[in-house]
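J.: The sequence shown begins at 141 in the working numbering and counts up one residue at a time.
Beta carbons are placed, not taken as given, at the ideal position from N, Cα and C, and that holds for glycine.
The structure presented is a predicted model; accordingly, all values stated were derived computationally and were not measured.
Just passing along the structure, written as structure tokens.
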Amino acid sequence: MESISVSGIEGLSSYAAISQFTASPVGNPNWKIGVTAAIVPKVTADLPVKPIPFGLNWDHLSDISLFDPASDEPGHIDALLGIDVFIGCLLKGQLAGPPGSPTAFETVFGCVLGGLINSSTCNTSHNSVSCLNDAICRFWEIKEPPSDKLACSMEGHAVIQHFQDKHYRTPLARFVVPLPRKLNIASIGELKSQAIRRFLALERNLNSKGKFSEVESVMLEYLKLGHAEEVPIKDFDKPTDKVFYLPMSVVYKDSCTTTKIRAVFDASAKSMSGVSLNDTLLVGPTVHPPLLDVLSRFRCFRIPLSTDVSKMYRAIELENEGKNSHRYVWQSSPNDMIRD
Numbered sequence: 141m142e143s144i145s146v147s148g149i150e151g152l153s154s155y156a157a158i159s160q161f162t163a164s165p166v167g168n169p170n171w172k173i174g175v176t177a178a179i180v181p182k183v184t185a186d187l188p189v190k191p192i193p194f195g196l197n198w199d200h201l202s203d204i205s206l207f208d209p210a211s212d213e214p215g216h217i218d219a220l221l222g223i224d225v226f227i228g229c230l231l232k233g234q235l236a237g238p239p240g241s242p243t244a245f246e247t248v249f250g251c252v253l254g255g256l257i258n259s260s261t262c263n264t265s266h267n268s269v270s271c272l273n274d275a276i277c278r279f280w281e282i283k284e285p286p287s288d289k290l291a292c293s294m295e296g297h298a299v300i301q302h303f304q305d306k307h308y309r310t311p312l313a314r315f316v317v318p319l320p321r322k323l324n325i326a327s328i329g330e331l332k333s334q335a336i337r338r339f340l341a342l343e344r345n346l347n348s349k350g351k352f353s354e355v356e357s358v359m360l361e362y363l364k365l366g367h368a369e370e371v372p373i374k375d376f377d378k379p380t381d382k383v384f385y386l387p388m389s390v391v392y393k394d395s396c397t398t399t400k401i402r403a404v405f406d407a408s409a410k411s412m413s414g415v416s417l418n419d420t421l422l423v424g425p426t427v428h429p430p431l432l433d434v435l436s437r438f439r440c441f442r443i444p445l446s447t448d449v450s451k452m453y454r455a456i457e458l459e460n461e462g463k464n465s466h467r468y469v470w471q472s473s474p475n476d477m478i479r480d
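Rendered as structure tokens:
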């Protein structure tokens, strides 16, 4: 069945199926007119809105036989004929009355009334008709925060292109990503002494609180899962402009049911030259969807699922050059040698 787009008051639009039927007056089946109509759930509200009080000054209608004798009472509208069909149904007869009274028009179906009437009361009906799709679109246009994608800078596009061109996967399907540098690592300067100094202060603080063993278990997990490795002996003597050390700290979160202690490596720590590792890297765009999108999508389905990728960021490997710029120091006890 063919369908068309139907547009009405206030831009309301919807799709409706097309149907054809033949109309003929009661008692005169030989007269017929073809009508092509759109099928809609409801043509309009009951009309007239209120009963029409036929006035005493409508004497010109006293001998008129109306097509619909109950046209003065609100009733259901079965079909709405367009002006092209209505003109084809008109005959020559027309009877006008005094001002404030309706005019009778003769049609093949019988007499119909039209025109303005005087009424002692005025009922005003305010009906707001809106298209659901348009209303939702306007809502999102007003409420939607600025899109991060639209605000992506040239630097952000460069990071995306760098990742697409340079990343690859290991036989175990782990991502390997080279760092998107904008400055040479040699511009950072030496930071190992600061990393050692901050680690020793952290170690003393953890031992005083009896929590060093908990942090040690986390660091051993790094080695066990392959998320970190001891620096090979052959790389100990690498020039200082080829390596970079990240000062370490820890974060406690007692409310967490899985990992209460997390190791944090400070890539914003500045060396004597005033440059940090973060300063040498390009800044990419935010790739996570906005929280509003997540919450909205959560309401779109009957059964939402929540998942978590365990240790996702730690599972991403760096190329060897990137590993040398992500060194840190550690020792299992104050009596042990500090290891890289």
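Using 8 Å as the Cβ pair cut-off and three pairs as the minimum, do the stretch 346-365 and the stretch 423-430 touch?
T.: With the cut-off at 8 Å, the stretch 346-365 and the stretch 423-430 do not touch.
J.: Just grab the DSSP bridge partners of Cys251 for me.
T.: According to DSSP, Cys251 bridges with Leu206, Glu246.
J.: Please say whether Gly296 and Pro474 have beta carbons closer to each other than 8 Å?
T.: Against a cut-off of 8 Å, the Cβ pair of Gly296 and Pro474 comes out as no contact.
J.: Expressed to the nearest angstrom, what Euclidean distance is found between the alpha-carbon atoms of Trp470 and Arg337?
T.: Going by the C-alpha atoms only, they are around 11 Å apart.
J.: Just to confirm, is the Cβ distance from Leu331 to Ser411 under 8 Å?
T.: Yes, the pair counts as a contact, with Cβ atoms nearer than the cut-off.
J.: Looking at the structure shown, is Gly424 part of a helix, part of a strand, or coil, going by DSSP?
T.: Coil.
J.: Say whether the stretch 441-452 touches the stretch 296-306, bearing in mind that this needs 3 or more beta-carbon pairs closer than 8 Å, one atom from each stretch.
T.: In short, these stretches do not touch, since the Cβ pair count stays below three.
J.: Using C-beta distances below 8 Å, list every residue in its chain close to Leu342, excluding the 5 sequence neighbours before and after it, in chain order.
T.: Here the set comprises Met388, Ser389, Val390.
J.: By alpha-carbon positions, which one of Val225, Tyr453, Ile204, Phe315 ends up nearest to Gly174?
T.: For the residues Val225, Tyr453, Ile204, Phe315, the minimum Cα distance to Gly174 belongs to Val225.
J.: Looking at the unbroken alpha helix (DSSP H) that takes in Leu331, where does it start and where does it end?
T.: Leu331 -> no alpha helix (DSSP H), and no H or E assigned at all.
J.: When DSSP labels each residue in this structure, what does Gly240 get in the three-state scheme?
T.: Residue state, collapsed to three classes: coil.
J.: Hey, quick one: how far does the beta strand (DSSP E) through Tyr392 stretch, first residue to last?
T.: 388-392 is the span of the beta strand (DSSP E), which, as asked, contains Tyr392.
J.: Based on DSSP bridge pairs, tell me the residues matched to Tyr385.
T.: Looking at the DSSP assignment, Tyr385 forms a beta bridge with Arg467.
J.: Closest by CA to Tyr453, which one among Gly329, Ala368, Ile158, Ser436?
T.: If we check each option's Cα against that of Tyr453, Ala368 comes out closest.
J.: Give the range of the alpha helix (DSSP H) segment to which Ala298 is assigned.
T.: Run containing Ala298: 294-306, per the alpha helix (DSSP H) assignment.
J.: Give the range of the alpha helix (DSSP H) segment to which Phe226 is assigned.
T.: Counting along the chain, the alpha helix (DSSP H) containing Phe226 begins and ends at 223-229.
J.: Consult DSSP for Ser211 and reduce its assignment to one of helix, strand or coil.
T.: In the structure shown, Ser211 sits in coil (DSSP, three-state: anything other than H, G, I, E or B).
J.: Specify the secondary structure class of Ile401 as computed by DSSP and reduced to three states.
T.: Here Ile401 sits in strand by DSSP.
J.: Using only alpha-carbon positions, find the residue among Ser202, Ile192, Ile227, Val415 that is nearest to Glu213.
T.: The option with the nearest alpha carbon to Glu213 is Ile192.
J.: Assign Cys396 to buried or exposed, taking buried as 16 or more other Cβ atoms, counted over all protein chains shown, within 10 Å of its Cβ.
T.: Looking at its Cβ environment, which holds fewer than 16 other Cβ atoms inside 10 Å, Cys396 is exposed.
J.: So, at 6 Å on beta carbons, what are the nonlocal neighbours of Asp199 in its own chain, with the 5 sequence-adjacent residues on each side left out?
T.: Around Asp199: no qualifying Cβ.
J.: What does a CB cutoff of less than 8 Å around Arg314 pick up in its chain, not counting 5 residues either side in sequence?
T.: Contacts found: Ala455, Ile456, Glu457.
J.: Run the CB neighbour count on Phe161, radius 10 Å, all protein chains shown included, and call it buried at 16 or more, exposed below.
T.: Phe161 is exposed by the Cβ-count criterion.
J.: How is the alpha helix (DSSP H) around Phe376 delimited, first residue to last?
T.: Note, Phe376: premise wrong, no alpha helix (DSSP H); not H, not E.
J.: Closest to Phe405 by CA distance: which of Val248, Tyr468, Thr310 is it?
T.: Answer by Cα proximity: Tyr468.
J.: If I follow the unbroken beta strand (DSSP E) through Val316, where does it start and stop?
T.: Counting along the chain, the beta strand (DSSP E) containing Val316 begins and ends at 315-317.
J.: Within 10 Å of its beta-carbon, does Ser241 have 16 or more other beta-carbons around it, so buried, or fewer, so exposed?
T.: Burial call: buried.
J.: Check the DSSP bridge columns for Glu457 and list the partner residues they point to.
T.: In DSSP, Glu457 forms a bridge with Val316.
J.: As a quick exercise: from Met294, Ala335, Ser164, Ala298, pick the residue whose alpha carbon is nearest that of Gly250.
T.: When only C-alpha atoms are compared, the closest one is Ser164.
J.: At the level of alpha carbons, what is the spacing between Leu290 and Arg437?
T.: Low confidence applies to Leu290: its pLDDT is 47, below 50, so where it sits in the model is not reliable enough to give any reading.
J.: Spatial neighbours of Ser205 within its chain, please: CB distance less than 7 Å, with the 5 preceding and 5 following residues excluded, ordered by chain position.
T.: These residues qualify, in order along the chain: Gly250, Cys251.
J.: Excluding sequence positions up to five away, which residues of its chain have a Cβ less than 6 Å from the Cβ of Ser293?
T.: Cβ within range, chain order: n/a, list empty.
J.: Between which residues of its own chain and Thr243 is the CB-CB distance below 8 Å, once the five residues before and five after are set aside?
T.: Around Thr243: Gln234, Leu235, Ala236, Gly237, Leu253, Gly254, Gly255.
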